[in-house]
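Undergrad:
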Amino acid sequence: MEIDRRDFMKLAGLGGVVFASGLGSSILGAKRTKQEEFYFVQLSDTHIGFDGPKVNPDAKGTLKKAVAAVNSLDQKPDFIVFTGDLTHTTDDVNERRSRMTQFQDIAGQLNVTTVHYMAGEHDAALDRGDAYQEFFGKLNYTFDHKGVHFIVLDNVSDPGAIVGDAQLEWLQSDLKGLKPDAPIVVLTHRPLFDLYPQWDWTTVDAKGVIDSLMPYKNVTVFYGHIHQEHHYMTGHIAHHAAKSLMFPLPAPGSVPKRAPIPWDAAAPYKGIGYREIEADVKTARYGISELAIPGA
Amino acid sequence: MKRIMMLVLAMTTGLGVLAFTTYSAPGADDVKVIRITAKKFDFTPSEITVKRGVPVALELTSSDRVHGFSLPDFKLTAKIEPGKVTRVVFTPDKTGELSFSCNIFCGSGHEDMSGRLIVTD
Numbered sequence: 012m013e014i015d016r017r018d019f020m021k022l023a024g025l026g027g028v029v030f031a032s033g034l035g036s037s038i039l040g041a042k043r044t045k046q047e048e049f050y051f052v053q054l055s056d057t058h059i060g061f062d063g064p065k066v067n068p069d070a071k072g073t074l075k076k077a078v079a080a081v082n083s084l085d086q087k088p089d090f091i092v093f094t095g096d097l098t099h100t101t102d103d104v105n106e107r108r109s110r111m112t113q114f115q116d117i118a119g120q121l122n123v124t125t126v127h128y129m130a131g132e133h134d135a136a137l138d139r140g141d142a143y144q145e146f147f148g149k150l151n152y153t154f155d156h157k158g159v160h161f162i163v164l165d166n167v168s169d170p171g172a173i174v175g176d177a178q179l180e181w182l183q184s185d186l187k188g189l190k191p192d193a194p195i196v197v198l199t200h201r202p203l204f205d206l207y208p209q210w211d212w213t214t215v216d217a218k219g220v221i222d223s224l225m226p227y228k229n230v231t232v233f234y235g236h237i238h239q240e241h242h243y244m245t246g247h248i249a250h251h252a253a254k255s256l257m258f259p260l261p262a263p264g265s266v267p268k269r270a271p272i273p274w275d276a277a278a279p280y281k282g283i284g285y286r287e288i289e290a291d292v293k294t295a296r297y298g299i300s301e302l303a304i305p306g307a
Numbered sequence: 060m061k062r063i064m065m066l067v068l069a070m071t072t073g074l075g076v077l078a079f080t081t082y083s084a085p086g087a088d089d090v091k092v093i094r095i096t097a098k099k100f101d102f103t104p105s106e107i108t109v110k111r112g113v114p115v116a117l118e119l120t121s122s123d124r125v126h127g128f129s130l131p132d133f134k135l136t137a138k139i140e141p142g143k144v145t146r147v148v149f150t151p152d153k154t155g156e157l158s159f160s161c162n163i164f165c166g167s168g169h170e171d172m173s174g175r176l177i178v179t180d
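So the sequence lines, in the order shown, correspond to chains L and G.
FYI, in my numbering the residues of the first sequence are 12 to 307.
FYI, in my numbering the residues of the second sequence are 60 to 180.
Spelled out as structure tokens, the structure:
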């Protein structure tokens, strides 16, 4: 049954967001003809360089499959975001750069005009983002798209998982230029709330960020880090974590150790995936569709 | 029930106290001292048992690089630097098996660097 995009947007809601887990682009594929409608793709936690056959025997191929899947979408996304941990960390500075090159070679195959990158702690925490910035540019920045203001926040290049006073001032200065009802999307790596500090799933000074965003009524956060879909509200601000493209992690606090979930040969790529995010600028609502790796 | 009392002392050799957070320091004779060494990517010992209501002093050292110590259930965090002893003093006010971990990213095994604090009656 064909579902109209408008009907789809009525399906369910959390902070202006609707979900369509596993449904994919067939439901989001209605033609977007209005200027205030667009969609983008979020890819996260690709961890290029990770080696663990029991966790992901296709470690070298998973991102390539995701790139191919994105390239085959019926309608091209307006842009793509990578929300951090592009590479798996290494103490070897040359190997770090080699992994970033490998990542660039694969991501460079994406058939879209615009890709926005951000760092995870695996990319940036051991050298304060030096190598990352050589390859991908600034750690924090903004961009605008069809009326939505996107803010990329760095909560990883300080190994203590802080945003820091200087970046907080930068954020507050940026926000000053916006109307209270401006549609704002924050893209970052770590959760901007205490999801589960026992597993370091937090940002130490997130409160300053949330307090700064709170006066703005249309704010949504998309992030990575926790390798699973997760949705949470801080007041009216919705936070949506994305799956990893390398391995899934357990639900917060569900097991004693935060260890990757082993590969399931009966269900390859289970728990691994990416998402489409459809923006309705006028209402500041976002439709999320979680997509699996082909072959899963 | 005593409130959680905590004192974080970062002591450098010969310099004494460098910094501390909100605290109410127990008397020195009452404190159970536990030494913990941090290195990539574990704490030794990784499991410690203490008694509720009995003050504890964790003396944290690192044998390789900067690490962190985070015990969220008691809202304790500390930075562990090589060549220094970081002293974390608190009185556990609840029982249970609680997790502590490194909260300063230290490399490819950082996510595995954790331990358990068991608080008994």
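The beta carbon of each residue, even a glycine, is placed where N, CA and C say it ideally should be.
#1: Taking only beta-carbon atoms, is V125 of chain G less than 9 angstroms away from chain L?
#2: Going along chain G in order, which residues have a C-beta closer than 7 angstroms to the C-beta of Q113 of chain L?
#3: If we define contact as Cβ-Cβ less than 9 angstroms, is T179 of chain G a contact residue for chain L?
#4: Compare the C-beta of S160 of chain G with all C-beta atoms of chain L and state if any pair is closer than 9 angstroms.
#5: Quick check: is the beta carbon of Q183 of chain L nearer than 9 angstroms to any beta carbon in chain G?
#6: Answer yes if the stretch 183-203 of chain L comes into contact with the stretch 141-148 of chain L, meaning at least three C-beta pairs across the two stretches below 8 angstroms, and no otherwise.
#7: What separation, rounded to the nearest whole angstrom, lies between the Cα atoms of F164 of chain G and A172 of chain L?
#8: Where DSSP assigns a beta bridge to E47 of chain L, which residues make up the other side?
#9: For Y265 of chain L, count neighbouring Cβ atoms within 10 angstroms of its own Cβ and tell me buried if that reaches 16, exposed if not.
#10: Residues in the stretch 80-103 of chain L with C-beta within 8 angstroms of chain G's C-beta atoms, listed in sequence order?
#11: For D56 of chain L and K138 of chain G, what's the separation of their Cα atoms in angstroms?
#12: Starting from L117 of chain G, trace the beta strand (DSSP E) in both directions and tell me its first and last residue.
#13: Give the residues of chain L in contact with I107 of chain G, contact being defined as C-beta atoms less than 7 angstroms apart.
#14: Express the C-alpha separation of G166 of chain G and F100 of chain G in angstroms, rounding to a whole number.
#15: With a threshold of 16 other CB atoms inside 10 Å of the CB of R201 of chain L, please say whether the residue is buried or exposed.
#16: Straight-line CA distance for T101 of chain L to L137 of chain L?
#17: What residue does the alpha helix (DSSP H) around E106 of chain L start on, and which one ends it?
#18: CA-CA distance, F258 of chain L and N67 of chain L?
#19: Are the CB atoms of T112 of chain L and I11 of chain L within a distance shorter than 9 angstroms?
#20: Kindly indicate which three-state DSSP category L198 of chain L falls into: helix, strand or coil?
#21: If you draw a straight line from the alpha carbon of Y234 of chain L to that of A277 of chain L, how long is it in whole angstroms?
#22: State the start and end residues of the unbroken beta strand (DSSP E) segment that holds T103 of chain G.
#23: Classify G174 of chain G as helix, strand or coil using the three-state DSSP reduction.
#24: When Cβ atoms are compared, which residues of the stretch 87-121 of chain G fall closer than 7 angstroms to chain L?
#25: Of all Cβ atoms in chain G, is any one closer than 9 angstroms to the Cβ of V268 of chain L?
#26: Which residues in the same chain have their Cβ closer than 7 angstroms to the Cβ of S168 of chain L, if we skip the five residues on either side of it in sequence?
#27: Under three-state DSSP, which class holds E180 of chain L?
#28: Look at the alpha carbon of V113 of chain G and the alpha carbon of V90 of chain G, and state the distance between them as a whole number of angstroms.
#29: By the three-class DSSP mapping on this structure, what secondary structure does F147 of chain L have?
#30: Starting from the Cα of N166 of chain L, find the closest Cα among L:D155, L:K218, L:Q115 and give me that residue.
#31: What residues in the stretch 198-226 of chain L have a beta carbon less than 9 angstroms from any beta carbon of chain G?
#32: In the DSSP output, what is M244 of chain L paired with across the bridge?
#33: Thinking C-beta only, is P305 of chain L closer than 9 angstroms to D69 of chain L?
TA: Taking the structure as given:
#1: Answer yes: the Cβ-Cβ gap between V125 of chain G and chain L drops below 9 angstroms somewhere.
#2: By Cβ distance, chain G contributes nothing, its closest Cβ being about 16 angstroms from Q113 of chain L, past 7 angstroms.
#3: Look at T179 of chain G: its C-beta is not under 9 angstroms from any C-beta on chain L.
#4: Yes, S160 of chain G counts as interfacial toward chain L.
#5: For Q183 of chain L, no CB of chain G lies under 9 angstroms from its own CB, so it is not counted at the interface with that chain.
#6: No contact exists between the stretch 141-148 of chain L and the stretch 183-203 of chain L.
#7: Spanning the two alpha carbons is a distance of roughly 8 angstroms.
#8: The secondary-structure analysis by DSSP pairs E47 of chain L with nothing; it has no beta-bridge partner.
#9: Correcting the residue type first, residue 265 of chain L is Ser in the shown sequence and not Tyr. Counting Cβ neighbours within 10 Å, S265 of chain L comes out exposed, since fewer than 16 surround it.
#10: Answer set for the stretch 80-103 of chain L: H99, T100, T101, D102.
#11: A straight line joining the alpha-carbon of D56 of chain L with that of K138 of chain G spans about 27 angstroms.
#12: Looking at the DSSP string, the run of the beta strand (DSSP E) that includes L117 of chain G is 115-121.
#13: Below the 7 angstroms Cβ cutoff, chain L contributes no neighbours of I107 of chain G, its closest Cβ being approximately 16 angstroms away.
#14: Taking the straight line joining both Cα atoms gives about 8 angstroms.
#15: Buried, because 16 or more other Cβ atoms sit within 10 Å of the Cβ of R201 of chain L.
#16: Going from the Cα of T101 of chain L to the Cα of L137 of chain L covers about 8 angstroms.
#17: Where E106 of chain L is concerned, the enclosing alpha helix (DSSP H) stretches over 104-118.
#18: Cα to Cα, the separation comes out at about 6 angstroms.
#19: Outside the displayed range of chain L (12 to 307) lies residue 11 of chain L, so it cannot be described from this structure.
#20: In the three-state reduction of the DSSP assignment, L198 of chain L falls in the strand class.
#21: Our two residues, Y234 of chain L and A277 of chain L, have alpha carbons roughly 29 angstroms apart in a direct line.
#22: First-last of the beta strand (DSSP E) with T103 of chain G: 101-103.
#23: Here G174 of chain G carries a strand assignment [DSSP, helix/strand/coil].
#24: For the stretch 87-121 of chain G, which is checked against every Cβ of chain L, not one residue is closer than 7 angstroms.
#25: The sequence shown places Lys at residue 268 of chain L, not Val. It does: the Cβ of K268 of chain L has a partner Cβ on chain G nearer than 9 angstroms.
#26: Answer for S168 of chain L: A130, A135, A136, R139, G140, L150, listed in chain order.
#27: Annotated three-state conformation of E180 of chain L is helix, per DSSP.
#28: One alpha carbon belongs to V113 of chain G, the other to V90 of chain G, and they sit about 7 angstroms apart.
#29: In the structure shown, F147 of chain L sits in a helix (DSSP, three-state: H, G or I).
#30: Nearest option by C-alpha distance: L:K218.
#31: Per Cβ criterion, the list reads D205, Y207, P208, Q209, W210, D211, T213, V215.
#32: BP columns for M244 of chain L point to L:A249.
#33: Not a contact, by the Cβ cut-off of 9 angstroms.
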